[in-house]
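Taken in order, the sequence shown gives residues 275 to 558; the numbers are from this note's numbering.
What follows is a short report on a single structure.
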Amino acid sequence: MAEAAPPAPAQVPPPPGGRQTLAMLDFSTALGVEAALMRAQLPATFTVRAASPFVVASDLSPVELDRVIAQTLLPAHRAMNNRYIRRPPAAPVRVYLFAGPTSLAVLSRILWKDDTPPVYGYSRKDRNMMVMDIATGGGTLVHELTHVMMWADFPAVPNWFNEGLSSLHEAVTLFPDRLQGLPNWRGGVLREVIRKGRLRSLSELVSDPDFYGKNSDVNYAHARYFFLFMQDRCDLKRFYELMKAAPKTAAPKTALVHAATVCSIPEARLEMEFRAYLPKVLGP
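So this is what it looks like as structure tokens:
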């Protein structure tokens, strides 16, 4: 049965002051204001929940939505805080969990004038929000959550680092104090590049000014598996801390100095160790 398009949002005026007031409110009050704003913009079929620091809206059933919040969103948020994050978001983060691609496409066009939203989901720093088709699974949710948590804590994060850590969290086991990344489908992309003898060096990856360009699928896979290596063989938490503390003017290749430090190996061996690790997680 085809997924039905959602009804049009009701034309309800937002609370006085709108989102511009949120930065001036205490966080608990801001959550309530944001929840009211989201209810005003969405069809009546949507459920809105405040789950600090998030306000979550969805066309899932209330029971299904509560399950996603309790079993994925909040545990991943706690694990991120315990492992990496020291500076929380300054304002409530809006989370839109669409039950399927139709409602995502229709409401993205109505709410944000976006005719071509990414199929799985995305996050927007300028709007302090996460949007996704939750039917694709929790991996996208934790990926986008990682972006959101780094916006406040590590605002100068390089693109390769941002996507490397976020995509690592697409497939994870959640523990109270950490997120344990696992191999995932991006390994197939990397395996094919290696088979063709086209895998770039780590130095080229971290220095590339066009991470999101024509080779973005390979760049995502390369960065993700470098972070899996850092998690499994080194100290990813310490790597995050060193990168966050580095001056904004530091050369991109400084990242490899930090990586070698937390791996307790000379920088000259980092590439070799990483490439020796890959067959063990990618397989033949």
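Cβ atoms here follow ideal geometry from the backbone N, Cα and C, with glycine treated the same way.
Segment limits, beta strand (DSSP E) that includes Thr-321: Taken as a continuous stretch (DSSP letters only), the beta strand (DSSP E) holding Thr-321 covers 321–325.
Closest Cβ-Cβ distance between Met-404 and chain D: below 7 Å? Looking for chain D here will not work: only one protein chain is present.
Determine which residues share a DSSP beta bridge with Val-446 and list them. Answer is Gly-455.
My understanding is that Ile-539 touches Glu-545, with C-beta atoms under 8 Å, so please give their C-beta distance in whole angstroms. The Cβ separation is near 11 Å, so there is no contact.
Identify the continuous alpha helix (DSSP H) that holds Ala-497 and give its terminal residues. 490–507 is the extent of the alpha helix (DSSP H) around Ala-497.
How far does the alpha helix (DSSP H) with Asp-340 in it extend, from its first residue to its last? Per DSSP, Asp-340 is one residue of the alpha helix (DSSP H) stretching across 336–342.
Round the Cβ separation of Val-380 and Val-329 to the nearest angstrom and send it over; I've been treating them as touching at under 8 Å. Cβ atoms of Val-380 and Val-329 stay farther apart than 8 Å, at about 21 Å.
May I ask you to report which of helix, strand or coil DSSP gives Gly-487? For Gly-487, the secondary structure class from DSSP, reduced to helix, strand or coil, is coil.
Going straight from the alpha carbon of Val-493 to that of Leu-479, what length do you get? According to the sequence displayed, residue 493 carries Asn and not Val. Distance between the alpha carbons of Asn-493 and Leu-479: 7 Å.
Reduced DSSP secondary structure (H/G/I, E/B, other) of Gln-285: Any answer about Gln-285 is weak, because its pLDDT of 41 lies below 50 and its placement is not dependable; what the coordinates show is given next. Of the three classes helix, strand and coil, the one that applies to Gln-285 here is coil, per DSSP.
Count the other CB atoms, across all protein chains shown, that sit within 10 Å of the CB of Gln-345; report buried if there are 16 or more and exposed otherwise. Around the CB of Gln-345, fewer than 16 other CB atoms lie within 10 Å, so the residue is classed as exposed.
Run of the beta strand (DSSP E) containing Gly-395, from where it starts to where it stops: Where Gly-395 is concerned, the enclosing beta strand (DSSP E) stretches over 395–398.
Only counting the same chain, and skipping five residues up and downstream in sequence, which positions put a Cβ closer than 7 Å to that of Val-446? Around Val-446, the same chain offers Val-416, Leu-453, Gln-454, Gly-455 and Leu-456 as residues with beta carbons nearer than 7 Å, after the five sequence neighbours per side are excluded.
Taking Asp-407 as part of the beta strand (DSSP E), name the residues at either end of that continuous run. Here the beta strand (DSSP E) through Asp-407 covers 403–407.
Determine the burial state of Gly-254: buried for a count of at least 16 other Cβ atoms within 10 Å of its Cβ, exposed for fewer. With the chain covering 275 to 558 only, the question about residue 254 has no answer from this structure.
For Ala-331, which three-state DSSP category applies? Of the three classes helix, strand and coil, the one that applies to Ala-331 here is strand, per DSSP.
On the three-state DSSP scale, how would you describe Leu-371? Leu-371 carries a strand assignment under DSSP once its states are collapsed to helix, strand and coil.
What separation, rounded to the nearest whole angstrom, lies between the Cα atoms of Arg-361 and Phe-485? Taking C-alpha positions only, Arg-361 is separated from Phe-485 by approximately 26 Å.
My assumption, with CB atoms under 8 Å, is that Arg-383 sits in contact with Leu-442. Please give the rounded CB distance. Not really, about 32 Å apart at Cβ, beyond 8 Å.
Rounded Cβ spacing between Met-423 and Ile-359 (contact assumed at less than 8 Å): For Met-423 against Ile-359, the beta-carbon gap comes to about 5 Å, under 8 Å, which counts as contact.
Within 10 Å of its beta-carbon, does Thr-303 have 16 or more other beta-carbons around it, so buried, or fewer, so exposed? Looking at its Cβ environment, which holds fewer than 16 other Cβ atoms inside 10 Å, Thr-303 is exposed.
Outcome for Ala-550 when other beta-carbon atoms lying within 10 angstroms are tallied against a minimum of 16: It counts as exposed.
Just reading off the alpha helix (DSSP H) that Lys-518 is part of, what are its end residues? Lys-518: member of the alpha helix (DSSP H) spanning 510–519, first to last residue.
Per-residue burial, Gly-395 [other beta carbons within 10 Å of its own, 16 or more giving buried]: The residue is buried, with at least 16 neighbouring Cβ atoms inside 10 Å.
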